[in-house]
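Below is one structure, written out as structure tokens, with a few remarks after it.
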Amino acid sequence: MVDKLDVDASPIIYGTKTLESLGDELLKLTQEVACGKQTKAESLGYTEMAIARVCNFV
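The working numbering numbers the first residue of the sequence shown as 101 and each following residue consecutively.
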């Protein structure tokens, strides 16, 4: 699913990357997106967004 994921955090689980190094990569990607780089979802044409709520209040 490399073509659909912007960030893969599984290297932390497998021990091939540290949390700090993956955090640095995520910060760099966030800066690139803020400067105009498209996310994978945007490049695939997805434009809708939904935010799930943990708790609904009446």
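Ideal Cβ placement from N, Cα and C applies to all residues, glycine included.
All values reported here derive from a predicted model rather than from experimental measurement.
> At which residues does the alpha helix (DSSP H) containing Val133 begin and terminate?
Replying inline: In the sequence shown, counting from the first residue as 1, residue 133 sits at position 33. Unbroken alpha helix (DSSP H) run through Val133: 119-134.
> Is it true that the stretch 103-114 meets the stretch 123-142, where meeting means three or more beta-carbon pairs spaced less than 8 Å apart?
Replying inline: yes
> Ends of the alpha helix (DSSP H) at Tyr114?
Replying inline: Along the sequence shown, one-based indexing puts residue 114 at 14. Per DSSP, Tyr114 belongs to the alpha helix (DSSP H) from 110-114.
> When DSSP labels each residue in this structure, what does Lys137 get in the three-state scheme?
Replying inline: Walking along the sequence shown from the start, residue 137 turns up at place 37. If DSSP states are grouped into helix, strand and coil, Lys137 belongs with coil.
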